[in-house]
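Protein chains: 2
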Amino acid sequence: MRFTSEQRLDDTILEREFILGETLDEIPGILWTPGSASASAPTPLILLGHPPLGLRKMYPRLVGRARQAVADGFAAATIELPGSGDRPRLAAVDQARADLRRAMEAGEPVGDEIVDALVLPLVEQAVPEWRAALDALLALPGIGGPVGYSGGVISIGTRLAVVEPRVTAAVLFAGSLVPRAVFEEARQVTIPLHVLLQWDDEGNDRQAALDLFDAFGSKEKTLQANMGGHTGVPQFAGDDAARFLTRHLS
Amino acid sequence: MRFTSEQRLDDTILEREFILGETLDEIPGILWTPGSASASAPTPLILLGHPPLGLRKMYPRLVGRARQAVADGFAAATIELPGSGDRPRLAAVDQARADLRRAMEAGEPVGDEIVDALVLPLVEQAVPEWRAALDALLALPGIGGPVGYSGGVISIGTRLAVVEPRVTAAVLFAGSLVPRAVFEEARQVTIPLHVLLQWDDEGNDRQAALDLFDAFGSKEKTLQANMGGHTGVPQFAGDDAARFLTRHLS
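So the sequence lines, in the order shown, correspond to chains A and B. First residue of the first sequence: 1033, per the numbering used here; consecutive thereafter. First residue of the second sequence: 1033, per the numbering used here; consecutive thereafter.
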């Protein structure tokens, strides 16, 4: 991992861009830490998930979430998803996205094979990358555990919650199509969860989101549903999610 | 309305029992107000709903909720439901409750007519009583609007939200059987709602609760579902509900 830029957003927050990996397929990422670099106790870390639209496009929303995380006493970090931003496209996922668009425009039901082709390759590749990022981030001075995961593609968050023991609490956003296999994985999740659902999310299947929430094996799990579409999560819902992470990571 | 007892729970909270009504069917109630009776601005009021198990039995949980309300800067009040505590029984409701128990023990589906007979007479009688209590409470010095309603029988809360313009926000508990007619009423509710659902509530129909949440006409409504049975609402969920009321009544 190497840092490629560094800027102070204000007195309280330091933003550093980094590159993960030494191979041809380098993975860009961003780390936000408290601005005062005093050597106090190591800061817990929140991994900021996001949809596969590219870090540049997602930056305004990510930096807002990062500011909240740092204000709450955490470091926050994110990496580019496979196939997004400047990273090489994933041909199979692009194909599935085209198939999805075609099916939706034709008013046809979206078949399992489209959902699988759209989401599973992303999960397969992204999860090891987020774990590698965790290795690198937790090796930095000033960043320690515990680690929370928040937002983004719910199938990635679910897999990460199952396979990555350093992630001890997760805020999941029920806002994307979910392959059947992920419902099975959900039963293996045991960490505390806070699941956000936008009740009128036009691109989301509400019943599938409720079924997925039901499937999670966690003893402590909360579903919070609010009005509005995909990007309309109200401020107070973000605050509640932040309080959940503070409760479990502090 | 006349006060029948008064005690300080500690330095910060004054508890007064009262009797509402001059008729044979007197209605007992309890009012909690900030302990320092200094004449500052009138305090907003939260009406504490509860299941029809009698105020005496519900007291420990009610006083806990009242302490939270007063700590948050509100007055809190509750009254005995028709047919509960020392009030005259409602024969039709008692009959419906026996029918319900019989149906459940026999593993039979609970018919609409049982649900209607169990809930509708309670709503019919209780809602005017809560409104009369509101008249009396808001006439007291130190208590002003706005008014919130919190908890108890969701069909009572729903009707109150429709017919009582002084109630401007409500926390509803999806924990009881809901007559078909109430789904229609729910569409007329427009005030902000925070609906609590215990996901594994053995005595509750989860799908009906989700359908009722969907039916509410409010532009701002939040569903928060948590794990556990009917009485297992976690502390943080109570805190979130209290923040909702603070947001809307302060």
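Built from N, CA and C at the ideal position, the CB exists for glycine as well.
- Here the segment 1217 to 1229 of chain B lies against the segment 1243 to 1259 of chain B, with 3 or more beta-carbon pairs under 8 angstroms apart.
- Non-local beta-carbon contacts of Gln1157 of chain B in its own chain, meaning distances under 6 angstroms to residues more than five positions away in sequence, involve Pro1114 in chain order.
- Taking 8 angstroms as the threshold, the shortest C-beta distance from Ala1274 of chain A to chain B does not fall below it.
- Listed in chain order, the non-local C-beta contacts of Arg1048 of chain A below 6 angstroms within the same chain comprise Phe1035, Glu1038 and Leu1063, local neighbours out to five positions each way being set aside.
- DSSP, read as helix, strand or coil, puts Arg1198 of chain A in coil.
- Residue-level contact check: Glu1234 of chain B does not touch chain A, since none of the beta carbons of chain A fall below 8 angstroms from its beta carbon.
- A residue is called buried once 16 or more other Cβ atoms fall within 10 Å of its Cβ, and Ser1068 of chain A, having fewer, is exposed.
- Cβ-Cβ distances below 6 angstroms link Arg1119 of chain A to Glu1112 in the same chain, with the five nearest sequence neighbours on each side left out; the list follows chain order.
- Partner residues in the beta bridge of Pro1060 of chain A, as assigned by DSSP, are A:Ile1051.
- For the options A:Ile1059, A:Gly1180, A:Pro1153 and A:Asp1148, the alpha carbon positioned closest to that of Gly1117 of chain A is the one of A:Ile1059.
- Residue contact check for Arg1279 of chain A against chain B: a CB pair falls below 8 angstroms.
- Taking 8 angstroms as the CB threshold, Thr1190 of chain B stays off the interface with chain A.
- Contact check between the segment 1181 to 1190 of chain A and the segment 1205 to 1213 of chain A: three or more CB pairs, one atom from each, fall below 8 angstroms, which counts as touching.
- Nearest Cα to Phe1276 of chain B within the set B:Ala1073, B:Arg1040 and B:Gln1100: B:Gln1100.
- In this structure Leu1052 of chain A is in contact with Ala1168 of chain A, their Cβ atoms being roughly 6 angstroms apart against a cut-off of 8 angstroms.
- When the beta-carbon positions are compared, Ala1103 of chain A and Leu1080 of chain A stay at least 8 angstroms from each other.
- With contacts defined by Cβ atoms closer than 8 angstroms, Ala1257 of chain B and Thr1254 of chain A form a contacting pair.
- At a cut-off of 8 angstroms between beta-carbon atoms, Leu1242 of chain B makes contact with chain A.
- Scanning its chain for C-beta atoms nearer than 7 angstroms, with the 5 sequence neighbours on each side dropped, one finds around Pro1153 of chain B the residues Leu1122, Ala1124 and Val1125, in chain order.
- Its Cα nearest to that of Val1142 of chain A, the residue A:Arg1212 stands out among A:Thr1190, A:Asp1271, A:Leu1172 and A:Arg1212.
- Residue pairing from DSSP leaves Phe1215 of chain B without any beta-bridge partner.
- In summary, the residues of the segment 1243 to 1267 of chain B whose CB is separated from some CB of chain A by less than 7 angstroms are Lys1251, Glu1252, Lys1253, Thr1254, Leu1255, Gln1256, Ala1257, Asn1258 and Met1259, in the order they occur in the chain.
- The C-alpha of Leu1094 of chain B is placed about 26 angstroms away from the C-alpha of Arg1133 of chain B.
- Listed in chain order, the non-local C-beta contacts of His1280 of chain A below 8 angstroms within the same chain comprise Pro1178, Gly1180, Thr1200, Ala1201 and Pro1224, local neighbours out to five positions each way being set aside.
- No Cβ-Cβ contact shorter than 8 angstroms links Gln1239 of chain A with Val1265 of chain A.
- DSSP places Ile1078 of chain B within a strand segment (E or B) once states are collapsed to three.
- The beta carbon of Leu1192 of chain B is closer than 7 angstroms to those of Val1159, Trp1162, Tyr1181 and Val1199 in its chain, skipping five residues each way along the sequence.
- For Lys1251 of chain A, no alpha helix (DSSP H) segment is defined, and its DSSP state is neither H nor E.
- Judged by DSSP secondary structure, Phe1268 of chain A falls outside any beta strand (DSSP E) and instead within the alpha helix (DSSP H) spanning Gln1267 to Leu1281.
- If you draw a straight line from the Cα of Gly1086 of chain B to the Cα of Ala1241 of chain A, it comes to about 38 angstroms.
- DSSP assignment within the segment 1168 to 1195 of chain B yields the following whole alpha helix (DSSP H) runs of 4 residues or more, N-terminal first: 1186 to 1195.
- Per DSSP, reduced to three states, the secondary structure at Pro1066 of chain A is strand.
- Here Glu1038 of chain B carries a strand assignment [DSSP, helix/strand/coil].
- Assignment of Leu1209 of chain B by DSSP, reduced to helix, strand and coil, places it in the coil class.
- Membership of Gln1100 of chain B in the alpha helix (DSSP H) is indicated by the continuous run Leu1087 to Ala1103.
- Here DSSP, grouped into helix, strand and coil, assigns Gln1220 of chain B to coil.
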